[in-house]
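**Student:** Encoded as structure tokens, here's the structure I'll be asking about.
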Amino acid sequence: EDKVVQSPLSLVVHEGDTVTLNCSYEVTNFRSLLWYKQEKKAPTFLFMLTSSGIEKKSGRLSSILDKKELFSILNITATQTGDSAVYLCAGGSNYKLTFGKGTLLTVNP
Amino acid sequence: GAGVSQTPSNKVTEKGKYVELRCDPISGHTALYWYRQSLGQGPEFLIYFQGTGAADDSGLPNDRFFAVRPEGSVSTLKIQRTERGDSAVYLCASSLRQGAGETQYFGPGTRLLVL
């Protein structure tokens, strides 16, 4: 059975801190690793990673995939209160996404 | 352009009743997916449509759940004889095409509460 495990499950930081969120996966016919941010209901897309070792960056967020170790990280630098959310990692096969439980990030002012 | 929309936002029903949840995908997206998210969990796959046909319904929990997409655009998830355990947020997503390189874009979900 496909499995995605995220850690930590929750994290509280102060504004300006840097955080690293972890995601390990075991997905049959693995094709891609996706990160989403979920604030209220709709998960909003952050990154899709398909190749090992190539960092994707968007502003203060960046992510990288290690296909040998079946692992991905999401980094957020200079955190802001607006970064508070649940961050979901998902392993993609041909069409199905298998999600982890998410990391609840709280950024305090 | 408009994103994925879902109606209703919230639905409260009584045990044993029938409910329908609607999803309008992004215009032009051929692939549509339904997921279910329980409290404190990540979304879980229910069913996937390519065009009008259900290409994979292996995630539907039992035969009380059924989904259709008759014209290849709007989809309806139907739940018969609802049970309290069906309470969850039902999320719909769409992608331009089917395939590993296609990003799935999610709607805001329908929060279903079965009393």
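Just so you know, the protein sequences line up as chains A and B, in that order.
Okay, so the first sequence: first residue is 1 according to my numbering, each after it adds one.
Okay, so the second sequence: first residue is 1001 according to my numbering, each after it adds one.
For glycine and all other residues, C-beta sits at the position ideal for the given N, C-alpha and C.
(1) Can you pull the chain A residues whose beta carbon is under 8 angstroms from the beta carbon of B:Thr1103, in chain order?
(2) Would DSSP call A:Gly16 helix, strand or coil?
(3) Reducing DSSP to helix, strand and coil, say where B:Asp1057 ends up.
(4) Rounded to a whole number of angstroms, what is the C-alpha to C-alpha distance between A:Lys57 and A:Ser63?
(5) By the three-class DSSP mapping on this structure, what secondary structure does A:Asp2 have?
(6) Which chain A residues sit within Cβ distance under 9 angstroms of B:Tyr1048?
(7) Can the beta-carbon of A:Leu88 be found closer than 8 angstroms to that of A:Tyr36?
(8) Taking just the CA atoms, how far does A:Val13 sit from B:Ser1009?
(9) Under 8 angstroms by Cβ, that's how I've got A:Leu34 and A:Gly92 pegged, so tell me the actual separation to the nearest angstrom.
**Tutor:** In short:
(1) Numbered from 1 along the second sequence, position 103 holds the residue referred to as residue 1103 of chain B. Ordered by position in chain A, the residues that pass the 8 angstroms Cβ test against B:Thr1103 are Leu34, Phe45 and Met48.
(2) Your numbering for residue 16 of chain A matches position 16 in the first sequence. Looking at A:Gly16 - three-state DSSP - the assignment turns out to be coil, as it is neither helix nor strand.
(3) Within the second sequence, residue 1057 of chain B is the residue found at index 57, counting from 1. Correct three-state label for B:Asp1057: coil.
(4) Translated into the one-based positions of the first sequence, residue 57 of chain A becomes position 57. Translated into the one-based positions of the first sequence, residue 63 of chain A becomes position 63. When rounded, the separation of the alpha-carbon atoms in A:Lys57 and A:Ser63 is 7 angstroms.
(5) In the first sequence, counting from the first residue as 1, residue 2 of chain A sits at position 2. Coil.
(6) Position 48 of the second sequence, counting from 1, holds the residue named residue 1048 of chain B. Contact note: B:Tyr1048 reaches chain A through Tyr95 and Lys96, using a C-beta cutoff of 9 angstroms and chain order.
(7) For this step, residue 88 of chain A is matched to residue 88 along the first sequence. For this step, residue 36 of chain A is matched to residue 36 along the first sequence. Yes; because the gap between Cβ atoms is below 8 angstroms, this pair is in contact.
(8) On the second sequence, position 9 is the one that residue 1009 of chain B refers to. On the first sequence, position 13 is the one that residue 13 of chain A refers to. Cα-Cα distance, rounded: 32 angstroms.
(9) Taking the first residue of the first sequence as position 1, residue 34 of chain A is located at position 34. Taking the first residue of the first sequence as position 1, residue 92 of chain A is located at position 92. Cβ-Cβ separation between A:Leu34 and A:Gly92: approximately 6 angstroms, consistent with a contact (criterion under 8 angstroms).
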